[in-house]
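Asker:
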Amino acid sequence: MSILTILEFPDKRLRTKAKEVTVFDDKTKILVSDMIETMYESKGVGLAATQIDVHQRVIVLDVSEEKNEPFCLINPVIIQKDGEEESEEGCLSVPGFFENIKRAEHIKVKAFDKDGKVFELDAKGLLSICIQHEMDHLLGKLFVDYLSPLKRQRIKTKLVKIHKQEGKQTK
Ligand code: NI
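Each residue of the sequence shown is one higher than the one before, counting from 12 in this note's numbering.
Written out as structure tokens, the structure is:
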């Protein structure tokens, strides 16, 4: 397994729209386990393939307290959603920033697991928010897109400055 580099806002590669997974093989399983390891290493509750510059519709999550219930959603589709709730979100691609974002309270998702088996999942609370956040990544969307242009620009300026100080390569 390997720890992968997470792209950070405003890297343009985060704007790439991910493609459907059509083949479920060993490569898929390796991708999923590398993503889970990277998520744990970064202390995140979710990670989308887009964030590690792999543009396939794959997300991994673990919202458990013990961090021992990882799972993945491949080609996820929201088939039902209702309610609205606002909560504070952060993102491994926007480190150090947390903002209140409105999302659907409850969602029903259809997805494939790493073996290519289809399943449905009802999600509420943190899990629901997390899935919606990660699914946005697959569309090239970030939580900062829900903020005012002024707030977004402020975050961008601060991160660009940090990236320069760290000598980080961004595109
Ligand atoms: Ni994120």
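We treat Cβ as the ideally placed atom computed from N, Cα and C, and that holds for glycine.
1) Can you determine whether any heavy atom of the ligand NI sits closer than 6 Å to the C-beta of residue 83, and answer yes or no?
2) Hey, is residue 102 close to the ligand NI, as in C-beta under 6 Å from one of its heavy atoms?
3) Excluding the 5 residues preceding and the 5 following residue 135 in the sequence, name in chain order all residues of the same chain whose CB lies nearer than 7 Å to its CB.
4) Would residue 35 and residue 104 qualify as a contact pair, given that the criterion is a beta-carbon distance under 7 Å?
5) For a minimum of 4 consecutive residues, which ranges assigned as the alpha helix (DSSP H) are wholly contained in the stretch 36-83?
6) Is DSSP giving residue 161 helix, strand or coil here?
7) Taking just the CA atoms, how far does residue 172 sit from residue 69?
Answerer: The structure says:
1) no
2) yes
3) 116, 117
4) no
5) 37-52
6) helix
7) 30 Å
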